[in-house]
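Going by the working numbering, the sequence shown opens with residue 151, and the numbers climb by one from there.
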Amino acid sequence: MPIDRAARRTAALVALFFTVIAIVALRQDANWDLRNYHLYTPLAWMEGRLDRDIAVAQLQTWHNPIVDLPFALMVRAGVGGVPITAWLAIPSVLALFFGLRLLDTLMPAQRSRARTWIAGFVAITGAAVYPSTAAIFNDHIVGALMLAALYWLATSPRRRGPFATWLPIGLLAGAAAGFKLTAATYCLGFIAAALFAGPARQLPARIGALALGGGVAALLCWGPWGWYLWQHHGNPLFPYFNQWFQSPDALPESMRDLRYLPDGALQYLNAPLRMLRRSRDFSEVVLADPRVLLGMIALAIWVWRGRARGDAVAPPSAHAAQTASDANDANDEASIRLALRWPLLAFVLVSYVGWLAMYSIYRYLLPLELLFSMLIVGVVSALFAKRRTRTAMLVAMVLVVAPTKHPSWGRDPFRSPMIEVSYPALPKNSVVLTSTNHPIGHALAFLPHDVPAMAIHNNFMDPQRCTRLQERVERTVATNPGPLWLLRPVRVDPPAAERMALYGLTVNGACQPLHNTLAKLELCPLARAPFAPICVKAAP
Numbered sequence: 151m152p153i154d155r156a157a158r159r160t161a162a163l164v165a166l167f168f169t170v171i172a173i174v175a176l177r178q179d180a181n182w183d184l185r186n187y188h189l190y191t192p193l194a195w196m197e198g199r200l201d202r203d204i205a206v207a208q209l210q211t212w213h214n215p216i217v218d219l220p221f222a223l224m225v226r227a228g229v230g231g232v233p234i235t236a237w238l239a240i241p242s243v244l245a246l247f248f249g250l251r252l253l254d255t256l257m258p259a260q261r262s263r264a265r266t267w268i269a270g271f272v273a274i275t276g277a278a279v280y281p282s283t284a285a286i287f288n289d290h291i292v293g294a295l296m297l298a299a300l301y302w303l304a305t306s307p308r309r310r311g312p313f314a315t316w317l318p319i320g321l322l323a324g325a326a327a328g329f330k331l332t333a334a335t336y337c338l339g340f341i342a343a344a345l346f347a348g349p350a351r352q353l354p355a356r357i358g359a360l361a362l363g364g365g366v367a368a369l370l371c372w373g374p375w376g377w378y379l380w381q382h383h384g385n386p387l388f389p390y391f392n393q394w395f396q397s398p399d400a401l402p403e404s405m406r407d408l409r410y411l412p413d414g415a416l417q418y419l420n421a422p423l424r425m426l427r428r429s430r431d432f433s434e435v436v437l438a439d440p441r442v443l444l445g446m447i448a449l450a451i452w453v454w455r456g457r458a459r460g461d462a463v464a465p466p467s468a469h470a471a472q473t474a475s476d477a478n479d480a481n482d483e484a485s486i487r488l489a490l491r492w493p494l495l496a497f498v499l500v501s502y503v504g505w506l507a508m509y510s511i512y513r514y515l516l517p518l519e520l521l522f523s524m525l526i527v528g529v530v531s532a533l534f535a536k537r538r539t540r541t542a543m544l545v546a547m548v549l550v551v552a553p554t555k556h557p558s559w560g561r562d563p564f565r566s567p568m569i570e571v572s573y574p575a576l577p578k579n580s581v582v583l584t585s586t587n588h589p590i591g592h593a594l595a596f597l598p599h600d601v602p603a604m605a606i607h608n609n610f611m612d613p614q615r616c617t618r619l620q621e622r623v624e625r626t627v628a629t630n631p632g633p634l635w636l637l638r639p640v641r642v643d644p645p646a647a648e649r650m651a652l653y654g655l656t657v658n659g660a661c662q663p664l665h666n667t668l669a670k671l672e673l674c675p676l677a678r679a680p681f682a683p684i685c686v687k688a689a690p
């Protein structure tokens with residue numbers, strides 16, 4: 151339909167416009183994860199370093215690097231910050247675009263350019279969406295895939311059969327979970343949605359198609375990395391859930407981040423209220439956002455209005471004249487939307503509760519934050535459809551955006567090349583050691599190929615927590631024929647020095663500042679003294 155084509159163009163323009171504005175304001179990415187593993191792991195895997203290095207990107211060394219390969223290759227080629235940021239922004243544009251298209255599909259009666267622009271602004275200013283725009287976190291990739299899957303679901307009833315509907319949804323959701331395991335909670339949400347998405351006799355077809363698509367996509371997007379982890383560590387999720395796989399390279403623990411999980415039933419129930427105040431309840435950095443609370447309310451209103459009387463299709467207006475055929479199509483869409491209410495409610499509730507139980511890290515809530523932004527604006531446009539619609543939407547926009555507190559994950563001015571690191575010439579048989587919880591893995595991706603890097607202490611390695619990897623480090627420190635070097639932040643953290651002393655290591659000589667455009671690091675020569683074995687067992 152011409153109206154739909156115009157709405158699609160407007161959604162694309164709004165998504166692109168607000169993403170560009172966010173990029174200009176934020177500048178190029180320099181977050182903790184980038185400085186730690188998003189650059190190191192894909193380059194180390196591709197270039198063979200990962201087999202020789204040990205845990206230099208900390209616990210996150212073994213996160214799936216497949217989706218980061220294009221970014222890492224561009225950095226390796228010396229590409230500037232502007233084109234790399236443009237590449238990283240593509241998922242941000244797509245996530246916003248599919249969110250706006252979902253809004254028009256669920257509530258087309260009040261569709262207008264004004265609503266699209268207001269909804270786009272509300273969405274881009276979210277506490278998860280805005281600071282993650284064009285960032286290497288990959289949460290926008292999850293958002294784009296999940297919103298695309300929801301959009302496909304919303305356009306499928308009475309147009310596609312269960313297999314044609316749920317196989318693509320499975321492919322999209324499985325790809326998201328394969329690239330980033332934290333997306334698995336949204337896969338549970340789609341399973342719940344499938345339970346309510348049609349006649350019971352078609353349930354096996356829906357679940358089967360969803361499982362087939364999800365399995366194929368996860369195999370493609372995570373399988374090569376999972377196979378690598380299985381071959382080298384005996385745990386395809388290494389180091390996570392090692393209480394099941396019992397890899398000798400890690401302790402038999404789950405390694406889950408438990409810092410933000412709710413403490414009791416009350417915190418499960420009041421989580422949306424706690425998000426209203428500026429706190430660190432859901433993030434390492436202070437944030438606040440009313441979208442979850444207001445989005446839940448908007449979802450409840452949307453479901454209740456459909457249950458009570460369905461959606462009445464708006465009459466023709468001066469802004470959107472419709473032919474009789476268009477009106478019939480709109481009425482058909484209204485009945486389709488009525489059928490989507492329970493699947494969407496099931497998806498939201500299961501995804502949200504799964505997120506609370508597994509992570510409670512706000513950034514992982516990005517797909518739902520986008521969906522809630524659309525529902526808030528859409529429901530307001532429906533409630534005030536007969537008069538002062540724009541005024542009501544603008545008031546709602548202010549009420550949502552004003553209390554939002556964005557976390558700052560770290561940005562730098564644009565530069566070319568985006569990241570540049572260089573080392574002084576190192577003697578033969580050198581080994582570079584690290585002993586810090588600070589993110590310095592990116593710098594080790596630029597080491598000469600014949601110089602391995604090993605961590606003595608970080609958020610995964612500790613000489614007082616013995617594993618096979620810790621034994622390898624201990625043997626290297628004791629027997630390496632060449633010199634040892636310490637790569638560390640210029641601001642030294644005392645725990646690092648304490649862990650080094652257990653290995654008989656001390657800084658011996660002047661440290662050389664490293665040329666590094668991303669962080670201030672220095673390379674220090676180390677002296678070795680005999681030390682008592684820590685993890686290596688004495689020969690019988």
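Cβ atoms here follow ideal geometry from the backbone N, Cα and C, with glycine treated the same way.
Asked, Found
"Outcome for Arg155 when other beta-carbon atoms lying within 10 angstroms are tallied against a minimum of 16", "exposed"
"Inter-residue Cα distance where the pair is Ala471 and Ala259", "In this prediction, Ala471 scores a pLDDT of 40, lower than 50, which makes its location untrustworthy; the coordinate-derived value is nonetheless stated afterwards. The straight-line gap from Cα to Cα measures roughly 11 Å."
"Cross-strand partners of Trp635 (DSSP beta bridge)", "Val582 and Pro675"
"Contact between the segment 195–213 and the segment 309–329 (3+ Cβ pairs under 8 Å)", "no"
"Residue range of the unbroken beta strand (DSSP E) whose run includes Leu655", "Leu655 to Val657"
"Presumed contact (8 Å Cβ cut-off) between Ala367 and Gly320, rounded CB distance", "7 Å"
"Selected residue, minimal CA-CA separation from Leu303, among Arg251, Val292 and Arg263", "Arg251"
"CB of Ala294 within 8 Å of CB of Asp179, strictly", "no"
"Spatial distance of Asn392 from Pro557 (CA atoms)", "32 Å"
"Pair within 8 Å by beta-carbon distance, Asp439 and Thr554", "yes"
"Cα-Cα separation between Val435 and Trp559, rounded to whole angstroms", "8 Å"
"Sheet register partners of Met604 (DSSP bridge)", "Ile204 and Leu583"
"Bridge partners - Ser429, DSSP secondary structure assignment", "Leu437"
"Bridge partners - His665, DSSP secondary structure assignment", "Ser572"
"Stretch-stretch touch, CB-based, cutoff 8 Å, three pairs: the segment 673–685 with the segment 651–659", "yes"
"Backbone CA spacing between Arg618 and Trp452 [nearest angstrom]", "55 Å"
"Strand pairing of Asp183, partner residues [DSSP]", "Paired residue(s): none; Asp183 is not in a bridge."
"C-alpha distance - Phe248 paired with Val623, whole-angstrom precision", "48 Å"
"Burial state of Ala552 (16 or more Cβ within 10 Å)", "exposed"
"Nonlocal neighbours in the same chain, by C-beta distance under 6 Å from Pro631, ignoring five residues either side", "Asn579"
"The alpha helix (DSSP H) enclosing Trp380, as first and last residue numbers", "Leu353 to His383"
"Backbone CA spacing between Arg430 and Ala421 [nearest angstrom]", "12 Å"
"Pairwise C-alpha distance: Leu634 and Ala595", "18 Å"
"At least 3 beta-carbon pairs within less than 8 Å: the segment 537–546 vs the segment 563–581", "no"
"Which of helix, strand or coil DSSP assigns to Arg537", "coil"
"Sub-8 Å separation of Ala273 and Ser523 beta-carbons", "yes"
"For Ile357 and His290, the rounded distance between their alpha carbons", "26 Å"
"Helix, strand or coil at Asp399 according to DSSP, with G and I counted as helix", "coil"
"Sequence-distant residues of its chain with Cβ nearer than 8 Å to Met224 (five each side left out)", "Pro233, Ile234, Trp237 and Met568"
"Which of helix, strand or coil DSSP assigns to Asp691", "No answer is possible for residue 691: the residues shown for the chain start at 151 and end at 690."
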